[in-house]
Structure formats: structure tokens, C-alpha cells
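K.L.:
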Amino acid sequence: MSGQKPWTVVVAVLGILASLGVLVGIGYAAWYADGLIVRPPDYCPTGSYPQVREGIEVPGHTAILIDTSDEISATDAGLAFEKIVGWTRDTAPWLQRLSIHGLPESAGDRVARRHGTWCVPKRGADANMIYENPVYVEAQFQRFLATLQDMFRELVRREEAAQSPIVETIANLIEDHEDLDSVLLVSDMLQNTSLWNHYTKQGDTPGIRSECQRITSSGRLKTVYVYYIDRKRPGVQAAEWPDPWWSHCLGTVQTEMLN
121 MSGQKPWTVV VAVLGILASL GVLVGIGYAA WYADGLIVRP PDYCPTGSYP QVREGIEVPG
181 HTAILIDTSD EISATDAGLA FEKIVGWTRD TAPWLQRLSI HGLPESAGDR VARRHGTWCV
241 PKRGADANMI YENPVYVEAQ FQRFLATLQD MFRELVRREE AAQSPIVETI ANLIEDHEDL
301 DSVLLVSDML QNTSLWNHYT KQGDTPGIRS ECQRITSSGR LKTVYVYYID RKRPGVQAAE
361 WPDPWWSHCL GTVQTEMLN
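First residue of the sequence shown? That's 121 in my numbering, and the numbers climb one at a time after it.
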């Protein structure tokens with residue numbers, strides 16, 4: 121150092137500082153750009169480093185399961201629709217993934233997703249103006265509402281199906297979606313398959329026990345919400361849900377009626 125000229129030292133220091141400044145600038149630009157990304161409608165946090173750094177918790181997934189095995193009244197359809205929209209607005213965690221499903225025709229069918237998924241759809245007026253397009257956000261919200269309305273419209277004039285595989289469908293959903301932590305049903309909760317028949321109170325006890333264990337064994341399912349369709353069948357259907365049979369099947373899973 122004794123033989124080095126002072127100005128060369130200054131230049132070296134300035135070069136190092138400039139390099140650090142460039143690195144900091146690039147890092148900040150990447151972080152800022154990440155905040156400006158226009159998210160697709162099915163975007164949900166996945167636990168990436170930027171999200172963890174910003175304190176974004178990874179939410180779960182709620183499957184909205186509409187029991188399409190029997191018709192419901194127009195009044196129930198309207199009230200169930202309002203309850204679901206209210207739940208997404210007031211109860212669902214921020215950016216919780218939502219998917220809409222219909223009950224399959226038989227216990228052997230896998231449940232089919234209807235029209236994609238959303239992350240707690242919201243009105244355009246609630247969009248983040250920094251990185252969201254309010255028109256696009258509103259369009260996705262309206263698509264979510266239209267999907268629900270179409271399913272309820274079909275239910276009002278639905279013919280009764282031969283089976284109602286509620287337990288099997290919930291179990292399949294849990295196996296198909298590792299992030300699933302809750303299910304929201306619109307149903308009379310009258311299980312009707314060879315494994316168990318709420319109408320006859322008969323079934324395959326070991327088989328239905330196995331299906332219930334498929335629901336509870338992973339421990340991922342935390343809550344089952346139900347908009348309860350009352351069929352006015354006192355000898356078959358309980359006045360409130362869960363009845364003892366469902367309580368036994370779901371074990372420690374929390375349950376909540378929406379009506």
C-alpha cells in the first residue's frame with residue numbers, strides 16, 4: 121500500500137461501492153417488479169422466498185361441493201348462493217384457493233372440477249390499484265358468481281339421482297388436492313350408496329369406516345361447512361347437522377352450519 125498512489129485507492133473504493141450499488145439496485149428492482157405482477161385469477165401463495173419475506177402465509181384450499189343428486193327449491197338455491205358469497209367475503213382467509221365441484225352420479229366416479237379455481241374472488245372495486253386491473257378482477261368475480269348461479273339453476277329442476285356419494289366425494293377431493301383444508305357443502309347430507317344408506321340405515325360398516333378414515337386420517341381437513349337442505353323427512357333426516365352418524369364419521373373435524 122505504501123507504494124500505491126492515493127487516487128488509485130480512491131478509484132478502487134469507488135468501484136467497489138458502484139458494484140454494490142448495482143447489486144442492490146438489481147435486487148430492489150426484482151423485489152419491486154414482483155409486487156407489480158398482475159396475478160392470474162387462480163394465483164395463490166406457494167411459500168416462495170419473496171412471499172415469506174413479505175410475511176405472506178400460505179393459505180389453504182376450500183372445495184365448494186354442490187350436492188347435485190336431488191333438486192332444491194328456488195328459495196334454498198337463492199339463500200345458499202347468498203351464504204356462499206358472504207362466506208367468501210367475510211370468512212375465507214385472504215387468497216384462500218376456491219374450487220367448485222358437483223357431486224358425481226355414482227360412488228365410482230371421480231368428482232369433476234367446474235370451470236377452474238379462484239383465490240377468494242373479489243369485486244373490481246376491491247382490487248389493488250398498484251398491480252391489479254379492476255376490470256379484469258371484476259370479470260373474474262362475475263365468472264365465479266355465474267358458475268355458482270348456473271349450478272343452482274340446474275338444481276332447481278334436477279331429477280333425483282340413484283346415488284348420493286357424499287362421503288366418497290369428500291375423500292376423493294382430499295386425496296386429489298394436497299392443499300385442501302376445508303369443504304363447503306350445499307346438501308341434505310343424506311348419504312346414499314352401497315356403503316351407507318341414510319334412508320334404510322343399512323350399509324357396509326367396514327367399507328364406510330374406511331371411507332371416513334380417508335377423510336380424517338391425513339389430518340389436513342380442518343372444517344366442513346354446510347348449507348343444510350331440509351327435506352322434511354323426520355324419520356330419515358335430522359333437524360340439524362351434523363347428526364350422530366356424521367359426527368362419528370368426521371371425528372375431530374370441525375363442523376359449521378351456514379343456515
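All residues carry an ideal CB built from backbone N, CA and C; glycine is no exception.
Would DSSP call Y148 helix, strand or coil?
P.N.:
Residue placement at Y148 is poorly supported in this model, since its pLDDT is 44, which falls under 50; the coordinates are not used for a value here.
K.L.:
If the criterion is Cβ atoms closer than 8 Å, does the pair E191 and L275 meet it?
P.N.:
Cβ distance < 8 Å, so E191 and L275 count as in contact.
K.L.:
To the nearest whole angstrom, what separates the beta carbons of Y348 and L304, a pair I think is in contact under 8 Å?
P.N.:
Between L304 and Y348 the Cβ distance is about 12 Å, and since that is not below 8 Å, they are no contact.
K.L.:
Report the CB separation of M271 from I186 in whole angstroms; it is logged as a contact under 8 Å.
P.N.:
M271 to I186, Cβ: 5 Å. Contact.
K.L.:
Would you identify the three-state DSSP class for Q269, choosing helix, strand or coil?
P.N.:
helix
K.L.:
How long is the line joining the alpha carbons of A358 and G222, rounded to whole angstroms?
P.N.:
23 Å
K.L.:
Excluding the 5 residues preceding and the 5 following S338 in the sequence, name in chain order all residues of the same chain whose CB lies nearer than 8 Å to its CB.
P.N.:
I294
K.L.:
Within its chain, find whatever has a CB closer than 6 Å to the CB of A291; leave out the 5 residues flanking it on each side and keep chain order.
P.N.:
E331, R334 and I335
K.L.:
Rank G355, R277, R351 and S189 by C-alpha distance to the C-alpha of T320 and give the top, closest one.
P.N.:
G355
K.L.:
Could you pull out every residue in the same chain whose Cβ sits closer than 8 Å to the Cβ of A194, ignoring the five residues on either side in sequence?
P.N.:
V276
K.L.:
Sort out for me which residues DSSP pairs W238 with in a bridge.
P.N.:
L218
K.L.:
In three-state DSSP terms, what is L156?
P.N.:
Because the pLDDT of L156 is 48, which lies under 50, any placement of that residue in the model is unreliable, and the number read from its coordinates should be weighed accordingly. DSSP places L156 in coil when its eight states are reduced to three.
K.L.:
The beta strand (DSSP E) spanning I335 covers which residue range?
P.N.:
Run containing I335: none in the beta strand (DSSP E); it sits in the alpha helix (DSSP H), T325 to T336.
K.L.:
Closer than 6 Å by C-beta to H297: which residues in its own chain qualify, once you throw out the five before and the five after it? Chain order, please.
P.N.:
H181
K.L.:
Under three-state DSSP, which class holds T208?
P.N.:
helix
K.L.:
Could you give the DSSP three-state label for L70: helix, strand or coil?
P.N.:
Because the chain in this structure spans residues 121 to 379, residue 70 falls outside the shown range and cannot be described.
K.L.:
Just the Cα atoms here: how many angstroms apart are L315 and G327?
P.N.:
6 Å
K.L.:
For L265, tell me which candidate among R278, S219 and S307 has the shortest Cα-Cα distance.
P.N.:
Checked all of R278, S219 and S307; the closest Cα to L265 is S219.
K.L.:
Return the CA-CA distance between V373 and L199, expressed in angstroms with no decimal places.
P.N.:
Rounded to the nearest angstrom, the two C-alpha atoms are 25 Å apart.
K.L.:
Can you give the Cα-Cα distance for Q269 and Q311, rounded to whole angstroms?
P.N.:
24 Å
K.L.:
Output the boundary residues of the beta strand (DSSP E) element that contains H181.
P.N.:
H181 to I186
K.L.:
Within 10 Å of its beta-carbon, does V306 have 16 or more other beta-carbons around it, so buried, or fewer, so exposed?
P.N.:
buried
K.L.:
Count the other CB atoms, across all protein chains shown, that sit within 10 Å of the CB of Y148; report buried if there are 16 or more and exposed otherwise.
P.N.:
Any reading at Y148 must be qualified, since the residue scores a pLDDT of 44, below 50, and its modelled position is unreliable; no value is offered.
K.L.:
Give me, in chain order, the residues of the same chain whose beta-carbon lies closer than 6 Å to that of V257; leave out the 5 immediate sequence neighbours on both sides.
P.N.:
G244 and A247
K.L.:
Would you say R217 and P254 are within 8 Å of each other, going by their C-beta atoms?
P.N.:
no
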